[in-house]
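Notes follow once the structure below has been shown.
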Amino acid sequence: MRILIRKDESRHQTRGGIVLPDDAEIPTITGRVVEISAQVERNEDFPIRKYDKVLFHPRRSIPVDFESDNKLFVVPVEDVCAVFRRTTTGTETIETTDAERGEE
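Going by the numbering used here, the letters in the sequence shown line up with residues 5 to 108, in that order.
So, in structure tokens, the structure goes:
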């Protein structure tokens, strides 16, 4: 089972101010889920939904070049390391991950 992800822009500086060289290889990538298959959508074992922000390992990802400015990847769901989703409770918005919900 696979999903389509739009890769986030690469950052050359961390939030802490550390400047990364252009050739620095980061083993995981973040991105936004663009589309999921009906099979993934129906399977409750995979908490991935359209528009979720995810952290994924690019090793088995397939790059898709439709547009030069959009980096799309077809990613096996097994290579998704974390799912970040905003949930609203009352008047506040909380950002949660799978680990916080007790899911893997």
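Where is the CB? At the ideal position from N, CA and C, for every residue including glycine. From a predicted model like this one, the values you see are computed outputs, not experimental measurements.
Starting from residue i, follow its DSSP beta bridges and name the residues at the other end.
i, result
"ALA86", "LEU59"
"VAL37", "ILE9"
Please tell me whether residue i and residue j are closer than 8 Å, where the distance is taken between their beta carbons.
i, j, result
"LYS57", "ILE33", "no"
"VAL81", "VAL44", "yes"
"LEU59", "LEU8", "no"
"ARG6", "SER41", "yes"
If we count the other Cβ atoms within 10 Å of its Cβ and call it buried at 16 or more, is residue i buried or exposed?
i, result
"SER65", "buried"
"VAL79", "buried"
"ILE22", "exposed"
"ARG53", "exposed"
"GLY35", "buried"
* Would you say the stretch 43 to 57 touches the stretch 69 to 78, given that touching needs at least three Cβ pairs under 8 Å? -> Output reads no: the stretch 69 to 78 does not touch the stretch 43 to 57.
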